[in-house]
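Novice:
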Amino acid sequence: MAQDLMCQSAIEATPDAAIISEPYRQLPYWYNDNKGDASIWVTQFNGRAPDETLLYRKDRLVGTGVGDILCVSGYCTPKIKIEEYMMYINKLASEIRNGVNRNKKLIVAGDFNAEFTCWGGETTDERGRIFMETLCDYSAFPIRLDDKYTFYRNARTSCPDIISATNKVNDLNVRSKVLNAFTASIHLYIFHTFKTRTVSDRTKFFKYVTKSLAPDIFLTKFDEIANVENFNTTDDADMAELLQKCMVETCDKMLKKVICTANRKYSKHWWNETHKAHKVLRRVTRARKKEASGIDVPISAYKEIRSQLKKEIAGSRKRAWAGFCEILEMDPWGKPYRTIMSRCNKKGLPNDVPIDKVKEILNCLFIIGHRPLQMEVEECDRDEITYNTTLDEEDVG
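For what it's worth, full-length UniProt numbering labels the leading residue of the sequence shown as 1, then goes sequentially.
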């Protein structure tokens, strides 16, 4: 009855896939393990077809592709000893490692009978710690549920049903909820919703285009905005905040915004030479496999092109460094400043530092006040100064 209810609930909810642990019987159109304890049902209700090239079957473990995501289902009985549990986790870790190498989108779900507070459990046991460390080693992190438990028996509750995913899948997660539906079982249904497509990786940060900036018009607009604000304050922090607010408002009205992409890639000027070297290397490899007689000719051609490639890369780096140094001399707060700040904080501009914090930093870095007078030593006194670089026995004792 419990399995029939589960199938009917899946038909009504129309998910892309159902990950099942400890079924009553395994159906032939499911992807099943070798022991009958773990299954994956790719429903194809929404057009997501299974990818059988990623199919994996072991005892209490099964994995297959659902669209562009590799799903792994598992079940581990609570009656085994910790040594057997470690062997099972090692098999799971091997599958996770192979899956991450083949597909960056990975989901691991099932009833592993492990307690850990990270995914909603009330306590943490040794099995949960081992399982959590294994997942984190391969950047698969658990998706925490909003509800308290997924298992109920004899007035006791726990959360043994776990789903973990890599970052590319976690970014698509919209909601994870335990359904309030009758299951005829001690386990509850868990429904996870993911976005069906990814959005272009753009950040909330932007920059202003200043090529067509007219300084006189810009300053006039700034004065108009500043006259509206009330600058009758003696607090330096409030004054700085008002000035910054006026500047931001002026830039918003006068300048054009350009959104900054998070993954910005720059072209390499020596790419054509690299492509040419790879082509010649393939010719050399084919000639070696065929054991051709004239293999010396492609080898010498490959060495010559590889030498030209190295010279091109070295020359490009030298020219880029010379240009960077020239920019640094002319405009130290331009491209060099942005380059350093992009290394320090890749996701945008640094946060505003309060005035009090800036004063504290300056007081620690610089001596504020009168400089001490330098005492000049007379020529007659210089002769009396002795420099003793050796230690007497009395001083040592």
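Quick reminder that beta carbons are idealized off the backbone N, C-alpha and C, glycines included.
Distance check for residue 239 and residue 229, CA to CA, integer angstroms please.
Specialist: Residue 229 and residue 239: Cα-Cα distance of roughly 11 angstroms.
Novice: Specify the secondary structure class of residue 145 as computed by DSSP and reduced to three states.
Specialist: Coil.
Novice: For the stretch 150-170 against the stretch 94-109, do three or more pairs of beta-carbon atoms, one drawn from each stretch, fall closer than 8 angstroms, so that the two count as touching?
Specialist: Cβ pair count under 8 angstroms is three or more, so yes.
Novice: In the structure shown, what three-state DSSP assignment does residue 109 receive?
Specialist: Correct three-state label for residue 109: strand.
Novice: Quick check on DSSP: helix, strand or coil for residue 50?
Specialist: Strand.
Novice: Can you list, in chain order, the stretches of the beta strand (DSSP E) that have 3 or more residues and sit fully within the UniProt domain "Endonuclease/exonuclease/phosphatase" (70-190)?
Specialist: Here the runs fully enclosed are 106-111, 140-142, 151-153, 156-158, 161-166 and 173-178.
Novice: Is residue 142 buried or exposed, if buried means 16 or more other CB atoms sit within 10 Å of its CB?
Specialist: By the neighbour-count rule (16 or more Cβ atoms within 10 Å), residue 142 is buried.
Novice: Only counting the same chain, and skipping five residues up and downstream in sequence, which positions put a Cβ closer than 7 angstroms to that of residue 266?
Specialist: Confidence at residue 266 is low in this model, with a pLDDT of 46, below 50, so the placement of that residue should be treated as unreliable; the coordinate-derived value is given next. Taken in chain order, the list of residues that qualify is empty.
Novice: Quick check: what's the CA-CA separation for residue 132 versus residue 5?
Specialist: Looking at the two C-alpha atoms, the distance is approximately 31 angstroms.
Novice: Whose C-alpha, out of 169, 211, 284 and 182, is nearest the C-alpha of residue 257?
Specialist: Minimum Cα distance to residue 257 is reached at 211.
Novice: Would a C-beta distance cut-off of 9 angstroms place residue 31 and residue 39 closer than the cut-off?
Specialist: Going by C-beta atoms, residue 31 is nearer than 9 angstroms to residue 39.
Novice: Leaving aside the five residues before and after residue 129 along the sequence, list all residues of the same chain whose C-beta is less than 8 angstroms from its C-beta, in chain order.
Specialist: For residue 129, where only same-chain residues beyond five positions count, the Cβ hits under 8 angstroms are 116.
Novice: Out of 278, 299 and 95, which one is the CA nearest neighbour of residue 309?
Specialist: Measuring from the Cα of residue 309, the nearest candidate turns out to be 278.
Novice: If you check the beta carbons only, do residue 48 and residue 63 fall under 9 angstroms apart?
Specialist: Result no, Cβ atoms of residue 48 and residue 63 do not sit closer than 9 angstroms.
Novice: Bridge partners for residue 32 per DSSP, in chain order?
Specialist: DSSP lists 39 as partners of residue 32.
Novice: Among 29, 252, 173 and 297, which one has its Cα closest to the Cα of residue 213?
Specialist: Measuring from the Cα of residue 213, the nearest candidate turns out to be 252.
Novice: Would you call residue 393 buried or exposed, if buried means 16 or more other Cβ atoms sit within 10 Å of its Cβ?
Specialist: Reliability fails at residue 393, whose pLDDT of 47 lies under 50, so the model's placement of it is uncertain and no value is given.
Novice: Determine the closest residue to residue 101 out of 89, 78, 70 and 84, with distance taken between C-alpha atoms.
Specialist: Taking only the C-alpha atoms, the option nearest residue 101 is 70.
Novice: So for residue 302, helix, strand or coil by DSSP?
Specialist: Three-state DSSP puts residue 302 in a helix.
Novice: In or out: residue 82 buried (at least 16 other Cβ within 10 Å) or exposed?
Specialist: So residue 82 counts as exposed.
Novice: At the level of alpha carbons, what is the spacing between residue 79 and residue 357?
Specialist: Roughly 58 angstroms between the two C-alpha positions.
Novice: CA-CA distance, residue 311 and residue 44?
Specialist: In a straight line, the C-alpha of residue 311 is about 55 angstroms away from that of residue 44.
Novice: Which same chain residues, not among the five before or five after residue 354, have their C-beta less than 8 angstroms away from its C-beta?
Specialist: Cβ within range, chain order: 237.
Novice: For residue 364, count neighbouring Cβ atoms within 10 angstroms of its own Cβ and tell me buried if that reaches 16, exposed if not.
Specialist: So residue 364 counts as exposed.
Novice: Taking the alpha-carbon positions, what's the residue 37 to residue 74 distance?
Specialist: Looking at the two C-alpha atoms, the distance is approximately 8 angstroms.
Novice: Go ahead and pull the three-state DSSP assignment for residue 214.
Specialist: Coil at residue 214, not helix or strand.
Novice: Taking just the CA atoms, how far does residue 234 sit from residue 244?
Specialist: Taking the straight line from one Cα to the other gives about 16 angstroms.
Novice: Determine the extent of the alpha helix (DSSP H) in which residue 27 is found, giving its start and end residues.
Specialist: Element bounds for residue 27: n/a, residue is neither H nor E.
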